[in-house]
Amino acid sequence: MGKADVRTFLRMGSRVADFLKDRIEQKRSVKIVAHRDTDGIAATMILAECLRFYDVPFSIEFSRPKKPAEIAELGQEEYELFVFLDQGSAQLEAIHKSLLAKHRDVIIIDHHPGEFHEHPNLAVLNPHSIGMNGAKDVSGSSAAYVVVENLDPRFRSLIVVALIGAIGDRQEFFSGFTGVNDVLYKRAVDLGFVETREGLRLVGRSFRPLVETLRLSIRPFIKGLSGHPTVCQQVLEELDLKPSTMLSQLDMEEEKALADLLVARAGEAAKAEEFRHTLWGSIHQPVAGFHLLSLTFRECSALLDACGSLNKPEIGLSALIGDRTAFHEATSLLTTYQEEMLRALEYLVNRLGSVRERQNLRVLDGGDGVRPALVGEAVSLLIESGLVRMDKPIVIFSKTPTGEIKVSARSTPALAMGGLDLGAAIKAAAERAGGVGGGHDVAAAARIPPSEIEEFLSLLDKSLEGSHEVSATD
Ligand SMILES: [Mn+2]
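Numbering (this note's numbering), first residue to last: 14 to 487.
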């Protein structure tokens, strides 16, 4: 994505801001409908802070992307302006029918693909509407920030929250941010809101004893260490560190020594580039304008992710806004989430021996030991932990309680840049096999009737023909 595209996107953001400003001046009542994940929660905080400042009445609802029937229900509510955050683009038809046709105003701030028809009561900010890649260059939260920064300079400190949301959507790469996110990151540095340095990227630097930080490490998941408190304790003894020390109290030399020891413990997995970047790299820390100054962006993002996954997004939002009680609750949800994920990863790692190699993909039968909603994230974590080779895409299937097969598939940014659109390939193969599916170029999912799984895999394998050889070199 070029600089010109970023400028076009920022200009679109200021047009959406004008639309919002008119409604703010008229004190229209607002309903925020946000995606229930890190990015959606971060986007919500940005808009909520803005509306609160102008004394505009609003309410918030977090959800998965709404189905048409649910959007019809929204049409029964009294609000004058509906703002969709990190969702809405794929539901435009229902939004037209149930909201715009009923003389409601609608703003959609999103980065998912969809359709874009104009309407005088509709304002849309979406990178896809100008042909930009929403999967890597801009998140829902960075788009929300692009809107509010036009309204008043006091909202600039929310740029930190924009980047936390982008990190939640895995839009920070080995080499840093790209596109709109990169412009915002540089602005955050210039404005003095963020400081970046190198270090261990583990979660819990300043709010957990080191032995717990290691035990709960799922990103990366270190086989034989993560989930094993005695082993974690031994590692700390080897370095003469007290288990109760916090990671933030180590000096650089100690932190590096710990990293070396973790690399040694990880063995083969540590040879993967993914593992090394996941363990050690840039750490961004807010230094002004935000109350959670001791937390890294990645830690804030992990807290919100846990809250969203455990269906308590409102706890994440309250923690982000500054509620201390909510913050403590969020850290305990994080522990619960990490413990569940540790069990899921342990379970899947034990099945990795049965990965089936196909021409253009790998296939893992994920059994029924992992909650289907966790499988996709678990695969991403296995990749980041260097436990799955990524020269071709991987597909994991698992049984749902209703007997359907859920398919989670992952590719890498390098493969996607080589032209492999996993989402499109999954969608086509799923539909031909009597199921449904879709997603981004690097992450996709489908549901397939159990009898059709072999057919689905053959179709997918065939459609990926030739794609991985091209991209393996870049
Ligand atoms: Mn998002």
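The beta-carbon is built from N, C-alpha and C at its ideal position, and this holds for glycine as well.
Only residues of its own chain outside the window of five on either side were considered, and among them Ser111, Leu112 and Lys115 have a CB closer than 7 Å to the CB of Gly88, listed in chain order. Here Asp118 is actually not in contact with Ala56; their C-beta atoms are around 18 Å apart, not less than 8 Å. Around the beta-carbon of Gln184, 16 or more other beta-carbon atoms lie within 10 Å, marking it buried. Residue environment for Ile143: exposed (fewer than 16 other C-beta atoms within 10 angstroms of its C-beta).
Closest by C-alpha distance to Ser476, out of Asp454, Glu467, Leu435 and Ala458, is Leu435. A buried status is given to Gly153, since no fewer than 16 other beta-carbon atoms sit within 10 Å of its beta-carbon. For Ser421, the secondary structure class from DSSP, reduced to helix, strand or coil, is strand. Less than 8 Å divides the Cβ of Glu90 from the Cβ of Lys44. For Lys44, the enclosing beta strand (DSSP E) has its first and last residue at Val43 to His48.
Judged by DSSP in its simplified three-state form, Val248 adopts helix. Comparing alpha carbon positions, the residue from Glu162, Glu287 and Gly294 closest to Lys269 is Gly294. The closest heavy atom of ligand 1 lies 7 Å or more from the beta carbon of His241. In this chain, the alpha helix (DSSP H) harbouring Ser345 covers Arg337 to Val362. Here the alpha carbon of Leu227 sits roughly 20 Å from the alpha carbon of Val392. Excluding sequence positions up to five before and after Tyr67, its CB lies within less than 6 Å of the CB of Ile37, all in the same chain and listed in chain order. Residue ranges of uninterrupted beta strand (DSSP E) with 3 or more members, entirely inside the stretch 417 to 480 and ordered along the chain, are 418 to 423, 449 to 452 and 456 to 461. Here Phe190 carries a coil assignment [DSSP, helix/strand/coil].
In the structure shown, the three-state DSSP call for Ala136 is strand. Going by DSSP, Lys412 is part of the beta strand (DSSP E) stretching over Ile407 to Lys412.
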